[in-house]
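J.:
Chains as they are written, first to last, in the numbering used here: chain A, 120 to 809; chain B, 39 to 708.
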């Protein structure tokens, strides 16, 4: 049987888990009500259980004490009995679909921020500052240690009383337990530091207290790192020793293993490997831990595909696989495997939109699945067929917004024609996928292509739709998702011309799509600071060009998220790309065979020049509005989207009103340049009631 | 002159017929012994002929009427001719009756002739083409010669003048007619079917098939157990003489009407099987010789005239050719369409499995995946070779009650090997949610359950079948239950019809077994289930062979669908004429190539109804039909349709949730 290893139940503590797939602990940023599990939180996990997930470990970094602030990431607050009834709702929602649910509990020690909420004084073994959060802290006192140990036990009790199936003690990501473990942070000379046993003491006392509180019929696991990857941190051999030491107590029911520490920007990127990483890059570390412990080992990190999961489990590397981002992209992944719909799984592409939002304290969302974590609003993962009239829908533009609109309308049972001027769908995703290490972003398009084919959408590729072709189809609904063009004409001094031979500047699209030959000496001016600028720099450097990337923002790639800019930086530094900030592109002129770029310092106004043979400008997208204005006044709704209905996830009133002609809507960058998620979200909430 | 000639001709023909009969009987007696009630059997013939056989024949009204006229006319005419013209009883009344009988026979023979002009492909040609003329010769000859006796023509009309010439012509016609009808009957002519057929009815190997005066269902479809410990007999049938004598007799009864050929899914798919040819090959083998004289459709892809056999030679050669090639035997899906259609009540499937038994047990020659599947069954008790302790992996979140814990339950839910198949797991989950909604007290055997043995038995591995069956019987003997319910018609069939022979005093093996559609139908009748209104599209229903033809259950699945508010769009081939999905008898395992696939043909049947969905009741059918490339109708088990429509009242829902029922319908993402 295919995927048999995936569907072999496993005993964790006293619980039988129905399959080997775990949604591992991650901060959802949904416990917005003072750390209570909200309706949104419950529905988010219910969807995974409904979709067949075996075990959900919710609440990454859920706190046990009030001096570990939860507000920054809206994590779950287990420091009060107020949480218990909320847990009961959560447990019921998951249990009724046959799933199991546990929660991660922790004290984050120094790994937080103090400048808000209760303005807590953060604690850590030796008061050493944490760089990622720029957080200072005090040296923890013995009284506080014992208080926090007691808090752990009480938190575990609350989880048990709330009907959850277990807790996972976080001793990973440099939380308080592993702050005590790590000699890099623990410089104490008392009973809580120094020797191995002393460094282990805090975690051991937490474990003993928790187990004593909850007894044997409640699952207690521990999440640890497999190697911190710091020369002065905990290495793999040390971690094996630690795991074996705790396992020997018989008080732990499972271990979760994560590769890498994360208290620097660079190591943090390892923890949630983005698309530049190979599959399961740190599996060997989890396997190493499995060698020395007697209880099941769970491992997540870039396991996204059922075949990959089957291979890992069949090989016996670990006992359970974490497929957390895989579930964010598609909470029905298990059901689709069971229903023989593997081709319909929306696979995580590692864009890390979810985690990069989380590190900014924003709710976790999926770049390609707008329904995820919006279940509570009624946004569906499975689109129902309409019971109303079947409509003729014309979608113009095959970028993210157009693809989603076409998919949703086709799922609704409408007759859909999709026009795309290029000979493949994908829009800007296709351009983005040309950069080194960014090819996997095209997975978004791959899924849409499979779905549009399955749903029988009439795809007119290589066809630029105009007013006549659209009206010939006698549509009931026209959706424009025509995107836009690089906005190089904003500053006349840049010398942009539509004719590439005459133009003094080219766009990052020109570079990534291979429309212009890369120069030898290239200056990239990137005022946007998202992916396209650094991608173009990486692309050109990869081709052997000498590249300087200049921005007037605080640093190149400033708007690229926390788990992704480090992998760009690794690549750009290695290829000797010069990264310069605080300079704006003032003017470009030709001098002989060369181009001179005049740069102006943001803060002093001083001008400086670069003599190069190519100037690339990234200045965002200018919407393409021509078709919209050609159609606007012929449409029954004058092109207007009712935003009250849209934001409330309600049907567009214009569709139910009687009238002649078609309804016209705009999505994505052809309205205003935003991002992939915005285009897909608008398409889903607009079209789901068509 | 005719006064003298006629009795001579009549009694000579009868004498020759008697000699032929003895010679023919000797051919049958080459077979293995099988004890039969000699006189009682003969006494049964009229009823078996007039009721049971006629029941099959009358499905084709045309030939039914034709046969009544022809055969009825002939039997009466023959008897009266012996009395009137043989013994010379000069009775005008009898002569008039004889005239009427020959008239009836003549009309019948015209209809026979009409049916053969031109003959449809399923009918054999050759000697069969002259049969209508022979029938006419007999009836016309007897009619004309009886005219003087009846007083219509003057006595002596054939003795004067031109009458002599007429008499000569008449004599010739009568010789032809008598030759075909009396002599030919026992010397291998087309009329052999009447003689062998009557005796076949008397000594049929499955007397349970025939009705008695009490009425009711009479069905006998379970394979008979092979005595594995009999050192004197080889395992299965190697040579024609290894069949029992009454099986050989049964083959000889074949009238070559080709109804089996027309019904056979393997033949239609262009696989090298034609049930009619197979029976004729057995007849060739019994008498010795080549199949060159066979005048019907050959096995697809196998020209006639290249095979020969004799009663004591192997039917299937280890190398080269003999009477039948092995792929012919392995093409059969054991769907019983041929047996169901056969007006002579011949048991094709028994014969095929008998021959497969030899190939598997003595030659070890089960083709393609056959050997692997049998090895798996021996090693792991399931055909896929899965860990036998993983039978309940799919149900880890269902908390199914185990017989080992409960010891007794109203219903023993037999899960079958579909537990290893993700598609069938959906059906099982659906059925379990139905059981829970209806508050049924059930339990499963879990890891104690073993493959039912169906596939092993149809692949000829009787030893593995019996081992599996005995172990299952032993297991079940430890528990108390009122009935067994299963979603798998193959398990259903063997548990119900084939385990019975294998029980012991300590572990009796006669069970009340129900297919899940029957059980659901009972729950519906008892108002244990309530349903939402049907909102899906149009639905057709595919009868599984092992539920329908094997066990006569055609109504319960349809009743359940009707209870859901579904109006069934029946396929042209449904009910007892349902076309097999291609999944039975181990056919997907032996996988003999043809010109097209059987499930493709079945989905074409579905397509003709215009239905959006085909309801099924068998894991094999589900797998085969879902294997057909899209676009095609959707495929759902009846249990899934019922589960989807269930209205679960909240109190029961809460109780069910307490048992961690994962509401399988929600897991469906399709």
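Glycine residues also receive a C-beta, built at the ideal position from the N, C-alpha and C atoms. The structure presented is a predicted model; accordingly, all values stated were derived computationally and were not measured.
Would you kindly work out how many angstroms separate the C-alpha atoms of residue 422 of chain B and residue 488 of chain B, rounded to a whole number?
T.: Spanning the two alpha carbons is a distance of roughly 12 angstroms.
J.: Rounded to the nearest angstrom, what separates residue 658 of chain B and residue 329 of chain B at their Cα positions?
T.: Their Cα atoms are separated by approximately 36 angstroms.
J.: Comparing the C-beta of residue 209 of chain A with each C-beta of chain B, is any distance below 9 angstroms?
T.: Judged by the 9 angstroms Cβ criterion, residue 209 of chain A is not in contact with chain B.
J.: Within the continuous beta strand (DSSP E) that includes residue 287 of chain A, where are the two ends?
T.: Residue 287 of chain A -> beta strand (DSSP E) spans 285-290.
J.: Between the region 308-324 of chain B and the region 374-387 of chain B, do at least 3 Cβ pairs fall closer than 8 angstroms?
T.: The answer is yes - the region 374-387 of chain B touches the region 308-324 of chain B, with three or more Cβ pairs under 8 angstroms.
J.: Taking beta-carbon pairs under 7 angstroms, can you tell me which members of the region 441-462 of chain A lie near chain B?
T.: Those residues of the region 441-462 of chain A that come within reach of chain B (Cβ to Cβ, closer than 7 angstroms) are 451, 454, 455, 457, 458, 459 and 460.
J.: Are the region 300-316 of chain B and the region 232-251 of chain B in contact at 8 angstroms, needing three or more beta carbon pairs?
T.: No, the region 300-316 of chain B is not in contact with the region 232-251 of chain B.
J.: Expressed to the nearest angstrom, what Euclidean distance is found between the alpha-carbon atoms of residue 707 of chain B and residue 530 of chain A?
T.: With a pLDDT of only 37 at residue 707 of chain B, under 50, the local geometry of the prediction cannot be trusted, and no value is derived from it.
J.: Can you pull the chain A residues whose beta carbon is under 7 angstroms from the beta carbon of residue 320 of chain B, in chain order?
T.: Going along chain A, no residue has its Cβ under 7 angstroms from residue 320 of chain B, so there is no contact; the nearest lies around 41 angstroms.
J.: Looking at the secondary structure, which residues open and close the alpha helix (DSSP H) in which residue 741 of chain A lies?
T.: No alpha helix (DSSP H) contains residue 741 of chain A, which is instead part of the beta strand (DSSP E) from 740-742.
J.: Which residue or residues does DSSP assign as beta-bridge partners of residue 708 of chain A?
T.: Its beta-bridge partners are A:715.
J.: Could you compute how far the alpha carbon of residue 147 of chain A sits from the alpha carbon of residue 197 of chain A?
T.: Approximately 15 angstroms between the Cα atoms of the pair.
J.: Does residue 463 of chain B get closer than 9 angstroms to chain A when you measure Cβ to Cβ?
T.: At least one chain A Cβ lies under 9 angstroms of residue 463 of chain B.
J.: I'd like the list of long-range same chain contacts for residue 518 of chain B, defined as Cβ closer than 6 angstroms, with 5 residues on each side in sequence excluded.
T.: Once the five neighbours on either side are set aside, the close Cβ partners of residue 518 of chain B are 446.
J.: Taking its Cβ as the centre, do 16 or more other Cβ atoms sit within 10 Å of residue 522 of chain B, making it buried, or is it exposed?
T.: Answer is buried; the Cβ neighbour count reaches 16.
J.: Would you call residue 279 of chain A buried or exposed, if buried means 16 or more other Cβ atoms sit within 10 Å of its Cβ?
T.: By the 10 Å Cβ count, residue 279 of chain A comes out buried.
J.: Would a C-beta distance cut-off of 9 angstroms place residue 596 of chain A and residue 533 of chain A closer than the cut-off?
T.: Cβ distance < 9 angstroms, so residue 596 of chain A and residue 533 of chain A count as in contact.
J.: Who are the Cβ neighbours of residue 497 of chain A in its own chain at under 8 angstroms, not counting the five residues just before and after it?
T.: So the list reads 768, once near-sequence residues are dropped.
J.: Quick one: list the residues of chain B neighbouring residue 151 of chain A, beta-carbon separation under 8 angstroms, in chain order.
T.: Result: empty, since nearest Cβ-Cβ is about 27 angstroms, beyond 8 angstroms.
J.: Below 8 angstroms, can you find three or more Cβ-Cβ pairs linking the region 598-615 of chain B to the region 276-296 of chain B?
T.: Contact between the region 598-615 of chain B and the region 276-296 of chain B is absent, because fewer than three Cβ pairs lie under 8 angstroms.
J.: Measure the C-alpha to C-alpha separation of residue 238 of chain A and residue 226 of chain A and round it to an integer number of angstroms.
T.: In a straight line, the C-alpha of residue 238 of chain A is about 16 angstroms away from that of residue 226 of chain A.
J.: Spatial neighbours of residue 704 of chain B within its chain, please: CB distance less than 6 angstroms, with the 5 preceding and 5 following residues excluded, ordered by chain position.
T.: At residue 704 of chain B the pLDDT is 39, less than 50, meaning the model places this residue with poor confidence; the figure from the coordinates comes in the next sentence. Counting only Cβ-Cβ distances below 6 angstroms, and skipping sequence neighbours, we find nothing.
J.: Short check: CB of residue 464 of chain B to CB of residue 668 of chain B, under 9 angstroms?
T.: No, these two residues do not count as a Cβ contact at 9 angstroms.
J.: Just confirm the distance between the C-beta atoms of residue 656 of chain B and residue 618 of chain B, as a whole number of angstroms; I'd bet it's less than 8 angstroms.
T.: Not confirmed; about 11 angstroms, so no contact.
J.: Identify the contact partners of residue 646 of chain A in chain B, using a Cβ-Cβ distance below 8 angstroms as the criterion.
T.: Simply none; closest approach about 44 angstroms.
J.: Which residues mark the beginning and the end of the alpha helix (DSSP H) in which residue 659 of chain B is found?
T.: Element bounds for residue 659 of chain B: 657-664.
J.: Can you pull the DSSP bridge partners for residue 605 of chain A?
T.: Beta-bridge pairing links residue 605 of chain A to A:740.
J.: Beta-carbon of residue 428 of chain B versus every beta-carbon of chain A: anything under 9 angstroms?
T.: Chain A contact via Cβ: present.
J.: Quick check on the burial criterion: 16 or more other C-beta atoms within 10 angstroms. Buried or exposed for residue 248 of chain A?
T.: Exposed, because fewer than 16 other Cβ atoms sit within 10 Å of the Cβ of residue 248 of chain A.
J.: Kindly indicate the opening and closing residues of the beta strand (DSSP E) around residue 653 of chain B.
T.: 651-654 is the extent of the beta strand (DSSP E) around residue 653 of chain B.
J.: Please confirm whether residue 598 of chain A has its beta-carbon closer than 9 angstroms to some beta-carbon of chain B.
T.: No, residue 598 of chain A does not count as interfacial toward chain B.
J.: If we ignore side chains and look at the alpha-carbon of each, how far apart do residue 400 of chain B and residue 497 of chain B end up?
T.: Spanning the two alpha carbons is a distance of roughly 13 angstroms.
J.: Please list the residues of the region 130-142 of chain A that have a C-beta atom closer than 9 angstroms to any C-beta atom in chain B, keeping them in chain order.
T.: Correct list: 135, 136, 137 and 138.
J.: At least one CB of chain B closer than 9 angstroms to the CB of residue 123 of chain A: is that the case?
T.: With 9 angstroms as the cut-off, residue 123 of chain A counts as an interface residue toward chain B.
J.: DSSP state of residue 502 of chain A, grouped into three classes?
T.: Residue 502 of chain A falls in the coil class under three-state DSSP.
J.: Check whether the region 98-115 of chain B touches the region 132-145 of chain B, counting contact only when three or more Cβ pairs, one atom from each stretch, lie closer than 8 angstroms.
T.: In short, these stretches touch, since the Cβ pair count reaches three.
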